[in-house]
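For reference, the structure is listed below as structure tokens.
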Amino acid sequence: MAEPAQGPWSGPAARRAYQVVEVTGPSMVPTLYHGDWLLVQRGAPVRPGDVVILRHPFQQDLLVVKRAVERRGNGWWVLGDNAYAGGDSTDYGTVPEELVLARVRARYRPLGKGRRSPFALLAWAASAVRRVSAERSAPRRLRAR
């Protein structure tokens, strides 16, 4: 399950509008990979298709990254882009609005170890920083439950 590092969500850092968090886990592959860094905006309006940071409904000390698919009542139906990873609304239902903390604005993919050839550096430079939006990274799968 992809979740950001929890440090920026407590203390004085929690009051900043924009924060940087690290992704761990495979639930948002291919949009986000383990080790990616995300620029997130706290309190931003969420639309269907946006990638969001939320507190896990049953384990509220755990933060997760998911795609807000649909508004249902007073909450969001969220799914991971990786159908095989699980840990989304198909497991725990609709996520209450107050547990959705932030909207992902951009992704930074660090340079991998051993990628020092000129071609590898060019390929990394072209794709290292990418905006994450509902239109650009919508999942190519449909899942009904």
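Using the working numbering, the letters of the sequence shown correspond one by one to residues 672 to 816. Where a beta carbon is used, it is the ideal one built from N, C-alpha and C, also for glycine. Bear in mind that the values here come from a model prediction, so they are computed numbers and not experimental data.
If you draw a straight line from the Cα of F790 to the Cα of A796, it comes to about 10 Å. Burial check for K784: the Cβ neighbour count within 10 Å stays below 16, so the residue is exposed. Across the set G714, T761, D759 and R802, the C-alpha of G714 shows the shortest separation from the C-alpha of A688. Rounded to whole angstroms, the separation of the alpha carbons of G764 and I724 is 16 Å. The continuous stretches of beta strand (DSSP E) do not include T702, and DSSP gives it neither H nor E.
In the structure shown, L725 falls within a strand segment according to DSSP collapsed to helix, strand and coil.
In the structure shown, L782 adopts coil according to DSSP, grouped into three states. As the crow flies, the alpha-carbon of F729 is around 15 Å from that of W748. Here D732 is exposed, its C-beta having fewer than 16 other C-beta atoms within 10 Å. Across the structure, V711 and E769 are spaced so that their CA atoms are roughly 16 Å apart.
DSSP places P719 outside both helix and strand once states are collapsed to three, so it counts as coil.
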